[in-house]
DNA sequence: TCCCGCTCGTA
DNA sequence: GTACGAGCGGGAT
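Numbering (UniProt numbering), first residue to last: 1 to 931.
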């Protein structure tokens, strides 16, 4: 998976506004303040930021301003810029507005005392070069042309005439390449900046001299060869001035960056601050582009169309009015019709698809048909696997499945045709089974998740309702429900066409609406760099499945059953009679009423709590029944949820268990796993760990497990910028021991355990009450520990404060890769809801960044393994911070090396972390032995 | 037959 | 205190 190259745009704000002032009419804003230059500047920024995600558009952006009139150049030459006239009166009030405008776009505005804008720009260009990024300087300043470098992808953009300035342009202007521009400028001098240069030497002569002799020093050294007497004299007399000029025009490029490169990531333009600014200034024409009610799909791809529909943070957009005409849908049952649809998709360059099957589980499902949509209301359904509803109904006439798939394959794999689906992973797996590798693709479910996690459901029907106020035909209404439910292959073709074609139709319209929002709302980075490629990565994993030893599980089930029965007897004996142990209501009654035990805690529903903490307490007080119930619960849980359920999940064809990973299952960006959930296989207790031993490798293979060590704490150290924690991770120290030392001044079993709890509490959005409860200490002590933590690691407090301030203002958080999670409850009036949202918001950037990282590793894994000649190593499962592989015996070491390096480098090159990512690798015949 | 709350397995 | 999914009991339907 090739990483899209970062592209930094550096806007030379000061020089822009001078030029805009002179070239644009003298407008005033709503307050009567001159604002012509600001208006031009605003329009320009808009245009630039709109280029996000377009070819050669910015991924990172900053506006650079001159902070001070003095720089190191004044120390070299006191006359530097000395005869520059003061800015015109009606330009002066516009300077601060430039900063306001930049902030309105949520673009970083960088200025540094003692450094001129040109120098700051040079520093960033060099840093971008070192990082392998491209950079574009938005300016036409000739001094900056020294930085142009075609090979490194460094160019300039003059937005006044939309001209790219590259090496060829520089050569055209100066007659020499960028590396010699400084020498030419030194000879020429500059009257505006008061760079002296050499009298009598203008651009022509300067160029000629540098072309002839190579550089300024050589010109001055060869002055004897110069034939023109006046020129010779001037060069001789003003040699020192020339050398001074050379230094004056030399750009400083090694100063520390005021803001790290990564912080300049362009994440789209949050609409609200911009709207406020435009309203305040009374920039009506720009405001109309934001404030109109045009939907995103009404032609415009600019962020403004989208911003229009997003009136406030965390407020879902107004639905767009659409008309769905299902009568236009076509049932395709002839080759001619199929060919026509394929040609149409080709002509459009994109097609929405949806596969219909006889079963919700795509691993075992059979294809019933495929729907296509090329335009709103222009959709078809191609049945290929329909059968009669019962023995009395005949199988409908339809094209042969193989023929349809053979004809669709070139289209679905055509690099020039974008395939769009909702929950493409399902269709991807279905089609992969037919030997079709769908590409390129977009997934509207993933798009919706990347835009609206935390504030929307992402089902197609939900989204149709939300975005279009349209009710899709319910699956229930075509297939029925419950015992009378039929599979889709039994649905009559007319009803099937309406249902299936509508899904493709709605999916296409949804894509039209969501696609521009990704760019406008900063979703494209995470979508393109993390989640979109993951669809295929996960699809492959799901198809592989993992081998499970059925006989072993059956044996375990038997053992558990015997032990459960024995425990049941003992419980009844202790309780003085039989009851349903699995019923918390009955258990509570038995313990606190029949046995008359004290201290029963009741929950919201007025029912006694019988959870593990309560039963542990009773057991500690010597209540046999409580201890016995705990043992009974453990075994029942293991048997019903794991040993029994897992056997039933083994696919008869493959002998393996194929989980389904949900890409939109967790609001933080984590995956979730269902049917079965393979992300909660026991490991903590010895007896539970036996379940893990049931997950085995094929003969001749081993299972290899690689997991990130302490990844969330490492990310917290990086994100909150905690020097001690970062240093400890770099040094490979025991992080909890180090925390214990900081918090309690001593390290032993007890303090280290407490410190560990505190460290986790931090990640979960700490509260004194919660920490006290967990540590079993009074609330005040919990608070004291937290206060101490914050005073030892002030970065943590700042991180929490900043995160909360951001989420309160914007309604969402972001991970380091830009993933948004929305928190509508952050402003809830109910304090419990609000506090809960706050804790989740503190956790989301950390948990989410961790999820982004492992997803990036997964996307790169197969390629890296193949490149290392390890094409038979198969990635099977992801468990949040762990990846599990099936490895041919003999390739363990080589595989471990590749896996470790891909995981450790998952942040790069988009991001450089201040902490190393440690990966622990182990392998064995079964999962339990791989840790 | 469906849905909710409880409990408990994981990171 | 974060993030999930599954099985069970039990009441509503």
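Backbone N, C-alpha and C fix where the C-beta goes; we use that ideal spot for every residue, glycine too.
Leaving out five residues before and five after residue 904 in sequence, what residues of the same chain have Cβ atoms less than 8 angstroms from its Cβ?
916, 917, 918, 919
Over the uninterrupted beta strand (DSSP E) stretch that includes residue 546, give me the two end residues.
546–548
Hey, residue 744 and residue 735: beta-carbon distance below 8 angstroms or not?
Not in contact: residue 744 and residue 735 (Cβ atoms no closer than 8 angstroms).
Taking C-alpha atoms, which residue in 598, 842, 8, 907 lies nearest to residue 854?
907
Would you report the Cα separation of residue 366 and residue 384, rounded to the nearest angstrom?
10 angstroms
Which residue's Cα is closest to the Cα of residue 239: 193, 183, 268?
Measuring from the Cα of residue 239, the nearest candidate turns out to be 183.
With distances taken from CA atoms, which of 481, 882, 460 is nearest residue 471?
Nearest to residue 471 by C-alpha distance, out of 481, 882, 460, is 460.
Tell me the DSSP secondary structure of residue 84 in three-state form.
coil
Might you give, ordered along the chain, the residues of its own chain that have their beta carbon closer than 6 angstroms to the beta carbon of residue 720, omitting 5 neighbours on each side?
Excluding positions up to five away in sequence, the list reads 795, 796, 799.
Taking only three categories from DSSP, how would you classify residue 95?
helix
Decide yes or no for the touch test of the region 833–845 against the region 512–523: beta carbon pairs closer than 8 angstroms, at least 3 of them.
no
For residue 541, which of helix, strand or coil comes out of DSSP?
helix
Measure the CB-CB distance between residue 983 and residue 58 and report whether it falls below 8 angstroms.
Absent from the model: residue 983. The displayed extent of the chain is 1 to 931, so no value can be given.
Run the CB neighbour count on residue 362, radius 10 Å, all protein chains shown included, and call it buried at 16 or more, exposed below.
buried
Should residue 303 be labelled buried (16 or more other beta-carbon atoms within 10 Å of its own) or exposed?
Confidence in residue 303 is poor, its pLDDT being 28 and thus under 50, which makes the residue's placement too unreliable to answer from.
Measure the Cβ-Cβ separation of residue 107 and residue 61 and say whether it is below 8 angstroms.
yes
Could you round the C-beta distance between residue 428 and residue 535 to whole angstroms and report it? I think they count as a contact, below 8 angstroms.
Contact annotation, residue 428 with residue 535: C-beta distance approximately 6 angstroms; criterion of less than 8 angstroms satisfied.
Residues in the same chain with beta-carbon distance under 6 angstroms from residue 631, minus the five sequence neighbours each way, listed in chain order, please.
567
Just reading off the beta strand (DSSP E) that residue 826 is part of, what are its end residues?
Looking at the DSSP string, residue 826 is not in any beta strand (DSSP E), and its letter there is neither H nor E.
What's the call for residue 6, buried or exposed, on a 16-neighbour Cβ count within 10 Å?
Burial call: buried.
What are the residues that DSSP puts in a beta bridge with residue 272?
For residue 272, which the question treats as bridged, DSSP gives no partner whatsoever.
Where does residue 599 fall in DSSP's three states?
coil
By the 10 Å Cβ neighbour count, where 16 or more other Cβ atoms means buried, how is residue 458 classified, buried or exposed?
Its Cβ being crowded by 16 or more others within 10 Å, residue 458 is buried.
Where does residue 133 sit, in a helix, a strand or coil, going by DSSP?
coil
To the nearest whole angstrom, what separates the beta carbons of residue 121 and residue 64, a pair I think is in contact under 8 angstroms?
5 angstroms
I think residue 785 touches residue 771, with their Cβ atoms under 8 angstroms apart; what is that distance to the nearest whole Å?
Between residue 771 and residue 785 the Cβ distance is about 7 angstroms, and since that is below 8 angstroms, they are a contact.
Go ahead and pull the three-state DSSP assignment for residue 925.
Look at residue 925 here: in three-state DSSP terms it is coil, with no helix or strand label.
Restricting to Cα atoms, I'd like to know which of 332, 134, 782, 898 is closest to residue 55.
134
Nearest-angstrom Cα distance between residue 449 and residue 84?
54 angstroms
In the DSSP assignment, the alpha helix (DSSP H) including residue 529 goes from what residue to what residue?
Here residue 529 belongs to no alpha helix (DSSP H), and DSSP marks it neither H nor E.
Determine, using beta carbons only, whether residue 538 and residue 695 come nearer to each other than 8 angstroms.
no
Would residue 187 be called buried (16 or more neighbouring beta carbons within 10 Å of its own) or exposed?
buried
Assuming residue 488 and residue 352 form a contact by the criterion Cβ under 8 angstroms, report the distance between their Cβ atoms to the nearest whole angstrom.
Actually they do not touch by this definition, with Cβ atoms about 18 angstroms apart.
Around the C-beta of residue 700, are 16 or more other C-beta atoms found within 10 angstroms, so that it is buried, or is it exposed?
exposed
Quick one: any contact between the region 635–645 and the region 324–340, if contact means 3 or more CB pairs under 8 angstroms?
no
Given residue 144, which residues of its chain have a CB within under 8 angstroms of its CB, disregarding the five upstream and five downstream residues?
Closer than 8 angstroms at Cβ, skipping near neighbours: 12, 118, 121, 122, 137, 156, 251.
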